[in-house]
Amino acid sequence: MRIELEKRPKVSVLFSIFSPFIALILTLIAGAIMFAMLGKDPGYALYSFFIEPLMEVWSLHELAIKAGPLILIAVGLSVCYRSNNWNIGAEGQFIMGAIAGSIIPVVFYEWQSPLVLPLMLVMGMLGGALFAGIPAFLKAHMNTNEILTSLMLVYVAQLFLDWLVRGPWRNPGGMNFPETRTFGAEAILPEMLASGRAHWGFAFAIIAAILVWLMMRFTLKGFEITVLGQSERAGRFAGFSSRKMIWFSMLLSGALAGLAGISEVSGAIQQLRPVISPGYGFTAIIVAFLGRLNPLGIVASGLVLALTYLGGEAAQLSLGVSDKVTRVFQGLLLFFVLSCDTLLHFKIRMVWADLNDTVKDTH
Amino acid sequence: MAGEQETVDGSLLAVDKLTKVFGTFAACDHIDLAIRTGEIHALLGENGAGKSTLVKMLFGVLAPTSGRILWQGQPVRIASPNAARKLGIGMVFQHFSLFEALTVAENIALSMDPGVSLAKISDEAASLSRSYGLPLDPKAHVADLSVGERQRIEIVRALLQNPQLIILDEPTSVLTPQEADRLFETLAKLKSEGRSVLYISHRLEEVQRICDRATVLRHGKVTGACDPRQETPASLARMMVGSDVAHVSAEGTGVRGDVLLEARNLSAAARTPFAVSLKHVCLKVRGGEVLAIAGVAGNGQSELFDALSGEYPVADASAIQLRQKPVGTLGINARRLIGSGFVPEERHGHAAVSALPLSDNLVLARSESDRKAFIGGGRLGIIRQDAVKRATKRICEVMDVRKSGEDPAAGSLSGGNLQKFIVGRELDRQPSVLVVNQPTWGVDAGAASRIRQALVDLAKSGSAVLVISQDLDEIFEVATEIAVINEGRLSDAYPAKELSREKIGLLMGGMHVGKQAESLDAH
Amino acid sequence: MGIVEAILLTVITAATPLVIAALGELVTERSGVLNLGVEGMMIMGAACAFVATQLTGSPYIGILAGILSGALFSLLFGFLTLTLVANQVATGLALTILGLGVSGMIGEAYVGQSGEKLPQIVFPLLSDIPWLGPLLFKQDMIFYLSIALVIGVNWFLFKTRKGLMLRSVGDSHSSAHALGINVIRTRYLAVMFGGACAGLAGAQLSLVYTPQWVENMSAGRGWIALALVVFASWRPWRVVVGGYLFGAVSISQLHAQAFGIGIPSQFLSALPYLATVAVLIIISHNRRTTLINTPASLGKSFVPDR
């Protein structure tokens, strides 16, 4: 058997809407098989993974807490990927944003002012943007591959955070635990609703998604991003600078990742610890692709991926399966999303017997 | 059926109702063709007529949808290029199937039987290339070779198989007239050895000169089989195009105005290892003139275009003057604002983004120059879709762009229609200077004549037009002045009426000093 | 054995997985495919090799399991990027994410178990040569394999016809297709070779370097291997040089930590990653040489028209 692709004359509108759903369904099927192999009842397992977390108000709040950073980061990444800049170091930018934003509540903890929180958020964005500026500079001016540099810097950021919380920033009154002092009340991102824990980080995410969507849809800047991503040469013909676009997209995504970082720390954790992210920066890559690099799609896909985190935690308790299942689900989902995207541009045909395999030389 | 038997007998290769369907589009539709032993057979047709699809089936690159191929009277299935080579078919591709990073010998080895050592291949290739007058250095890297030398590799590679049929796909489109003459000698030698040649071209005088018989294709169907020597260029063209092609009328050009575009000692270093550097290029185009720059591909045409358009500005501001303003250091949009327009060679991914609709592709070229019309919202820069759509519609009507739907993706248009849109996009602004690179490359005859007429008309209205082209027919149709580019150097410009094809050929071959060319011309 | 020899031995141990994984990726990239999933294939190899060794008691079966798991895993990448022409960058990332998850599940029950270290194979006489003997002839099988791979890959790419075909596919897939070379099949094989090598490199980590299973134990080595290929400008011998340089950097930071030279350990641990960035900058800032060396169709999808 062989699979042949036939290019569609134009991109299929039908599949551009349905392909993420097909990918989701395939992931669920693969997940059911996986659970069956682990000896769990697939129906119950999927229920406790994907439905149960949606049944209670508090867990909906948890969903928003997890979806917030995913959406914020993924919206930034979508601009990068659309313009063909492969920033995969959002995890590092998230961490550096969290660190930069925490300078005030950790170092200048005595300063109490309504300005603290806004300043923290701005510094978080700056921290993320500056850290993303390193691979941006290296790509724009030194011709260095941004995939590898941005990724390497994730490890550097993680180690830097580790050093801070075990060294200079360790809470003096914290019994030698590797963590900073907890933030003062003025440094904490408040809850959005009285009904639960979800903080304003989720609102930031929605606002960012809408703004970026408007930019992509209506403005010349969005057009520039699309053109440079499709063809650098056509962009040059239009008078757009791919170098400036590297800076723009990397700084924007870095700033959003940084904002996600400081929001997470200020809203959910309220101190710095050696590990502050369950891999949001990497999961956001999946979010971006599942949302078809469309900011509004990303809101939906961010919620789905947030659900896999919650479901993983829930399944750990109710089924006794490993929390690694979450990562597996996420990886599978990205695989299926990428496979289904083929349907947009190609018709897929199965060729069962290869007629042209043999050379029939009649001599 | 008797007629079919007749053609099949005595034929080296016969094709019987061969059909290739891509999706719903029949690229080749019941093609019949017979090539006799020891003849040079022409396959004529416009771009998109199905010539390349047909030869790809003969060479085993594509599998036919239906129909038969007969080799010496026997039906065969050619499943791969290897199978074709085993039968005795050799192929010289139009877009060379060569590997830049490999040496000449390695390139040749890839199409030879496995088991033959590289050293042996080098020796054989060297001796064969000498005997056919096609000198080659087996150790050279392809990246360093000229287009003509690259074609030699293709030919030697095909000949090493000792083929009975050699297929050449548009072999002269990249050669100087002199190089083409040398190729024709090689073909004559092959014919005298009893080999057959399938010669694919859209150049009629060539076909009349060297071919014994011709088959003409149009829209995937055979529209005629003839002896080209019995035909006139006009009758052949009619078979190819299906109707008479409008003649480009150059009357009224040549009324000289001010110098609107000038290059003064323009030099630019090569940006990549495979590019050409520009060396002291001087040119002047006055209003009302069409200056055509002839030359073999890869001699600095695209580099010249990049420098003139400002896609890659140069260090010296005064090296390029637009309407007497020094613009060498300015970017493309600043130059557009001074009143110039640009049409690059490559349609997909340079002049247009295939995946985007035509309206977006209009914004692509005119977001700055027509900012007032197309962009609103101040600093926000919101694209005025309605204004853009109206302008798109206007351009499509003026240039007769045929498309499916209101605003289809650029990639869905045929080459000719997209090119009409791309040229129309610039003409719509009435630029005082227009720089065009290969305006009708891969474009059907109808669209080509439409585009050429538009260029001439623009010059008539007082603008300066610079046309970079490899197509000498095109150059003689539109040019008032002609210069030739060779290895990044530009010759003096000559009035078009004073220049013969032969002299252009000499200039293409590197006689870049005018006097030398004249002295050779005198012999 | 002196202290210098001991250090050199650890350098070799640290360098071997980098060299093996980078060689595999080099072959993949020479065929025109950019597989960013090295990290994922490597960690799969590490997990499968360790688990297979624990189950069977034979580290050699472990090695086989590592190789097979890497190759099978890369097949997934091949199916997506070659058959379904999915984006190579995104698919490579997916492979890494999936690999980290699946390997975590496979190895979960084995966390904390001490494993079987791959035994040394001692060449008689040769191993008695002072200095060189213990370094080169008293090693484990994977080290010998890595040397064989360097020689073999170099020979294959530049001395054999198949190697020439592989390079031609990486240079111009459309030309190769027109000449009748099976582009997709060649790329599948190259991708699987890369996967097998990454799996073997992973097996080295969990059978030789630290004979146990720790989650995420590849710790970015797959990515460093990718950088090494760029550093080596797609030439096998330079991979060896680069691999050993990186091995030296990572070992020296460990020794520096052990000596306690007053620099925080985190800063020293960051050294290999920073070194990778530095090396990438040095290698790639010259656009011309990068352009000459990079396989021309690297990362581009190929759909034959039929």
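As you go down the protein sequences, you meet chains A, B and C in turn.
According to the working numbering, the first sequence is numbered sequentially starting from 10.
According to the working numbering, the second sequence is numbered sequentially starting from 1306.
According to the working numbering, the third sequence is numbered sequentially starting from 102.
All residues carry an ideal CB built from backbone N, CA and C; glycine is no exception.
Between residue i and chain B, is there a C-beta pair that is closer than 8 Å?
{"i": "C:LEU267", "result": "no"}
{"i": "C:ILE454", "result": "Absent from the structure is residue 454 of chain C, since the part of chain C shown begins at 102 and ends at 407."}
{"i": "A:LEU37", "result": "no"}
{"i": "C:ARG286", "result": "no"}
{"i": "A:THR351", "result": "no"}
{"i": "C:GLY281", "result": "yes"}
{"i": "A:GLU13", "result": "no"}
{"i": "C:ARG339", "result": "no"}
{"i": "A:LYS253", "result": "no"}
{"i": "C:SER273", "result": "yes"}
{"i": "A:LYS19", "result": "yes"}
{"i": "C:ALA187", "result": "no"}
{"i": "C:SER408", "result": "Beyond the ends of chain C as shown, which are 102 and 407, falls residue 408 of chain C; an answer cannot be given."}
At a Cβ threshold of 8 Å, is residue i touching chain C?
{"i": "A:LYS369", "result": "Bear in mind that the predicted position of A:LYS369 carries a pLDDT of just 35, short of 50, making it unreliable; the figure below should be weighed with that in mind. No, because no Cβ of chain C sits closer than 8 Å to the Cβ of A:LYS369."}
{"i": "A:THR317", "result": "no"}
{"i": "A:PHE298", "result": "yes"}
{"i": "B:PRO1631", "result": "no"}
{"i": "B:PHE1726", "result": "no"}
{"i": "A:ASP366", "result": "Any reading at A:ASP366 must be qualified, since the residue scores a pLDDT of 40, below 50, and its modelled position is unreliable; the value itself is stated next. Not one chain C Cβ lies under 8 Å of A:ASP366."}
{"i": "A:GLY321", "result": "no"}
Does the ligand GTP have even one heavy atom less than 7 Å from the beta-carbon of residue i?
{"i": "B:LEU1323", "result": "Of ligands this structure carries none, so the ligand GTP is not represented either."}
Bridge partners for residue i per DSSP, in chain order?
{"i": "B:ASN1742", "result": "B:ILE1773"}
{"i": "B:ARG1518", "result": "B:HIS1346"}
{"i": "B:GLU1567", "result": "B:LYS1589 and B:GLN1626"}
{"i": "B:VAL1595", "result": "B:VAL1770"}
{"i": "B:CYS1531", "result": "B:ALA1519"}
{"i": "B:CYS1333", "result": "B:LYS1325"}
{"i": "B:HIS1446", "result": "B:THR1408"}
{"i": "C:THR111", "result": "BP columns for C:THR111 are empty, so no partner."}
{"i": "A:THR228", "result": "B:ILE1687"}
{"i": "B:ARG1373", "result": "B:ASP1321"}
Our contact map puts residue i next to residue j with C-beta atoms below 8 Å; I'd like the distance itself, whole angstroms only.
{"i": "B:ARG1487", "j": "B:GLY1438", "result": "7 Å"}
{"i": "B:ALA1696", "j": "B:ASN1666", "result": "So it is not a contact: roughly 11 Å between Cβ atoms."}
{"i": "C:LEU258", "j": "C:LEU267", "result": "7 Å"}
{"i": "C:VAL128", "j": "C:PHE294", "result": "5 Å"}
{"i": "C:LEU301", "j": "C:ILE168", "result": "5 Å"}
{"i": "A:LYS230", "j": "B:GLY1686", "result": "6 Å"}
Using a C-beta cutoff of 8 Å, does residue i count as contacting chain A?
{"i": "C:LYS198", "result": "The displayed chain sequence assigns Ile, not Lys, to residue 198 of chain C. Judged by the 8 Å Cβ criterion, C:ILE198 is in contact with chain A."}
{"i": "C:THR184", "result": "yes"}
{"i": "C:THR192", "result": "yes"}
{"i": "C:GLU130", "result": "no"}
{"i": "B:GLY1315", "result": "no"}
Point to revise | Proximal residues, the stretch 93-105 of chain A versus chain C, C-beta separation under 7 Å | key: TRP95 and ILE97
Review point. Touch check for the stretch 74-85 of chain A and the stretch 211-228 of chain A: three-plus C-beta pairs under 8 Å?
Key: yes
Review point. At a Cβ cut of 8 Å, what residues of the stretch 220-248 of chain A count as close to chain B, listed as they run along the chain?
Key: Answer in chain order: PHE227, THR228, LEU229, LYS230, PHE232, THR235, VAL236, GLN239, SER240, ARG242, ALA243, ARG245, PHE246, ALA247 and GLY248.
Exercise for review: Could you please tell me which residues of the stretch 374-387 of chain C, in chain order, have their CB closer than 7 Å to any CB of chain A?
Suggested key: TYR374, LEU375, THR377, VAL378, LEU381, ILE382, SER385 and HIS386
Exercise for review: Kindly confirm or deny that the stretch 200-217 of chain C and the stretch 135-149 of chain C touch, where touching means at least three C-beta pairs closer than 8 Å.
Suggested key: Segments in contact, yes.
Point to revise | Contact set between the stretch 1665-1681 of chain B and chain C, restricted to residues whose Cβ is under 9 Å from the partner | key: Residues are counted here when their Cβ sits less than 9 Å from a Cβ of chain C; for the stretch 1665-1681 of chain B the count is zero.
Review point. Taking a cut of 7 Å between CB atoms, which residues from the stretch 1615-1629 of chain B lie near chain A?
Key: GLU1616
Practice item. Kindly confirm or deny that the stretch 1480-1499 of chain B and the stretch 1637-1652 of chain B touch, where touching means at least three C-beta pairs closer than 8 Å. Key: In short, these stretches do not touch, since the Cβ pair count stays below three.
Practice item. Check each residue of the stretch 332-359 of chain C: if its Cβ is closer than 8 Å to any Cβ of chain B, include it; give the result in chain order. Key: Of all residues in the stretch 332-359 of chain C, none is placed with a Cβ closer than 8 Å to any Cβ belonging to chain B.
Practice item. Evaluate contact between the stretch 114-126 of chain C and the stretch 269-276 of chain C, counting only Cβ atoms and requiring at least three cross-stretch pairs below 8 Å. Key: no
Review point. With contact counted as at least three CB pairs below 8 Å, one residue from each stretch, are the stretch 103-115 of chain C and the stretch 227-238 of chain C in contact?
Key: yes
Practice item. Using a Cβ-Cβ cut-off of less than 9 Å, list which residues of the stretch 211-241 of chain C approach chain B; keep chain order. Key: none
Check your understanding: Got a sec: which bits of the stretch 306-326 of chain C sit with their beta carbon under 9 Å from any beta carbon on chain B, in order along the chain?
Key -> none
Exercise for review: Taking 8 Å as the threshold, find out whether the stretch 1621-1632 of chain B comes into contact with the stretch 197-209 of chain A through three or more Cβ pairs.
Suggested key: no
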